[in-house]
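S.K.: Position one of the sequence shown corresponds to residue 1 (full-length UniProt numbering), numbered consecutively onward.
Just so you know, even glycine gets a beta-carbon here, dropped at the ideal spot from N, CA and C.
Note that the coordinates shown come from a computational prediction; the quantities given were computed from them, not determined experimentally.
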Amino acid sequence: MKKAIIASLLALCVSSPALADDKPGLQEDKAPPPPHKLDDGYRGIEDARVMNVEHAKTMHDGATVTLHGNIIKKLGNDTYRFQDRTGEIDVMIPEAVFQGKQFSPDDLVRFSGSLDKKHKNPQVRVTHFQKQ
Numbered sequence: 001m002k003k004a005i006i007a008s009l010l011a012l013c014v015s016s017p018a019l020a021d022d023k024p025g026l027q028e029d030k031a032p033p034p035p036h037k038l039d040d041g042y043r044g045i046e047d048a049r050v051m052n053v054e055h056a057k058t059m060h061d062g063a064t065v066t067l068h069g070n071i072i073k074k075l076g077n078d079t080y081r082f083q084d085r086t087g088e089i090d091v092m093i094p095e096a097v098f099q100g101k102q103f104s105p106d107d108l109v110r111f112s113g114s115l116d117k118k119h120k121n122p123q124v125r126v127t128h129f130q131k132q
């Protein structure tokens with residue numbers, strides 16, 4: 001009896017690490033939708049302020065932007081590539097902003113942050129993140 005209990009506890013301990021792959025952030029196992037399938041990067045009620053990547057790139061350094069669309073690729077530690085119907089932009093999302101949320105490239109996300117044009121390519125420093 002004791003051997004059976006010890007064997008089942010050992011099996012449980014060995015299988016637990018396999019179940020612990022719940023890291024927050026981008027899960028790259030799904031493909032993003034093609035740009036022509038996106039509807040302005042927003043699904044739901046009408047948004048009074050339409051903001052897209054094309055418009056965000058024309059704004060001044062430090063401008064606050066809110067974008068809707070898909071994060072399609074992880075580029076670095078906290079850097080991701082974001083896509084909506086009008087184009088792509090790099091975004092910097094600290095792990096603390098995710099708040100434990102997981103998402104894949106086909107999940108629609110919404111985030112707010114400040115535009116940083118000091119780099120070669122503009123990027124958004126995300127302060128608020130929401131999976132829709």
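1. Grouping DSSP H, G and I as helix and E and B as strand, with all else coil, what is GLU88?
2. Can you tell which of MET51, HIS55, PRO94, ALA63 has its C-alpha closest to the C-alpha of ASP24?
3. Checking 9 Å against the spacing of the C-beta atoms, do PRO32 and ILE72 come in under that value?
4. Within 9 Å (strictly less), CB to CB, does ARG85 reach chain D?
5. Given this structure, state the Cα-to-Cα distance separating THR86 from GLN27, to the nearest angstrom.
6. Give me the residue from PHE103, VAL124, HIS119 with the minimum Cα distance to GLN132.
7. Name the two residues that bound the continuous beta strand (DSSP E) containing HIS68.
8. Could you say which of HIS128, VAL97, ILE89 lies nearest to HIS119 if we only look at CA atoms?
9. Could you pull the start and end residues of the alpha helix (DSSP H) that HIS119 belongs to?
M.R.: The answer reads as follows:
1. strand
2. Per the sequence presented here, residue 24 reads as Pro, with Asp not at that position. When each option's Cα is compared against that of PRO24, the closest is PRO94.
3. yes
4. Of the chains in the structure shown, none is chain D; there is only one protein chain.
5. 23 Å
6. PHE103
7. 64-74
8. ILE89
9. Careful: HIS119 lies outside any alpha helix (DSSP H) and carries neither H nor E.
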